[in-house]
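Notes for the one structure printed next.
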Amino acid sequence: MNDNLLRLLQRKAVQELGDLCERISACAGEATAVAGSGNPVADVVLVKASPSPEEEQSARAFSGQAGEVVTKSMQRLELDSSLLYLTNLAKCSRHRDSACAARCGSYLAEELLVVQPRVILLMGEPAYETVRASYGLETAFAPGLCERVQGGPLLVATVDFASAMKQDASKRALWRDFQVLAREYKKS
1302 MNDNLLRLLQ RKAVQELGDL CERISACAGE ATAVAGSGNP VADVVLVKAS
1352 PSPEEEQSAR AFSGQAGEVV TKSMQRLELD SSLLYLTNLA KCSRHRDSAC
1402 AARCGSYLAE ELLVVQPRVI LLMGEPAYET VRASYGLETA FAPGLCERVQ
1452 GGPLLVATVD FASAMKQDAS KRALWRDFQV LAREYKKS
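Numbering (this note's numbering), first residue to last: 1302 to 1489.
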């Protein structure tokens, strides 16, 4: 893709994501809305279930410990972090009722349509189930699962990020699935 076309796509994606962020902020009300971060036309998207307190404080997905883990993992895998767009299923801590959950799911689906990644790493069952359903897939959640959407991205399921930070077995599973993501990305 030539540089001019890439810049045009990036500008359009930034505008669309900005519009989406405004709608998310209005929905969040008193809670702090946490925006996605990274490359707006990324090849790889990472999705966690919900923002951490650090992310809510900065209003940016994957800030703090989550960002450090991703940066170190990408370095170990020799992948450029500029390939990434990082976001959460829940856009604020108010994600408590089914109506709010449905809105967050539709916001995430819009984000993915704007970014149009080649690979999506889904951290935890809620993130996987929401994205799987938005693509009309029926495969049940299982860490390590890889499923290609016809004409779309490869979905890679992994353990919940918060669990991985507390449990060694989950941490190993997360690292294994980061390796799967890297291998599949390099193949695609």
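Glycine included, C-beta positions come from ideal geometry on N, C-alpha and C.
Notebook entry, point to check: Between the Cα of residue 1430 and the Cα atoms of 1350, 1346, 1339, which residue gives the shortest distance?
Noted result: 1350
Margin query: What does the Cβ neighbour count give for residue 1443, buried or exposed, with the cut at 16 atoms within 10 Å?
Written below: exposed
Notebook entry, point to check: Hey, would you say residue 1346 sits closer than 8 Å to residue 1372, going by beta carbons?
Noted result: Taking C-beta atoms as the reference points, residue 1346 and residue 1372 fail to come closer than 8 Å.
Item checked: Residues that residue 1340 bridges to, as DSSP identifies them -> Bridge partners of residue 1340: none, in fact.
Next item on the list: Look at residue 1386 and residue 1341 and say whether their C-beta atoms are less than 8 Å apart.
Entry: yes
Next item on the list: Report buried or exposed for residue 1467, applying the criterion of at least 16 other Cβ atoms within 10 angstroms of its Cβ.
Entry: By the 10 Å Cβ count, residue 1467 comes out exposed.
Note to self: Quick check: the Cα distance between residue 1441 and residue 1381, rounded to an integer number of angstroms?
What the structure shows: The alpha-carbon atoms of residue 1441 and residue 1381 are separated by roughly 30 Å.
Margin query: Excluding the 5 residues flanking residue 1383 on each side, which residues of the same chain have their C-beta closer than 6 Å to its C-beta?
Written below: 1340
Check: For residue 1462, which option in 1363, 1410, 1453, 1439 has the closest C-alpha, if you only look at C-alpha atoms?
Finding: 1363
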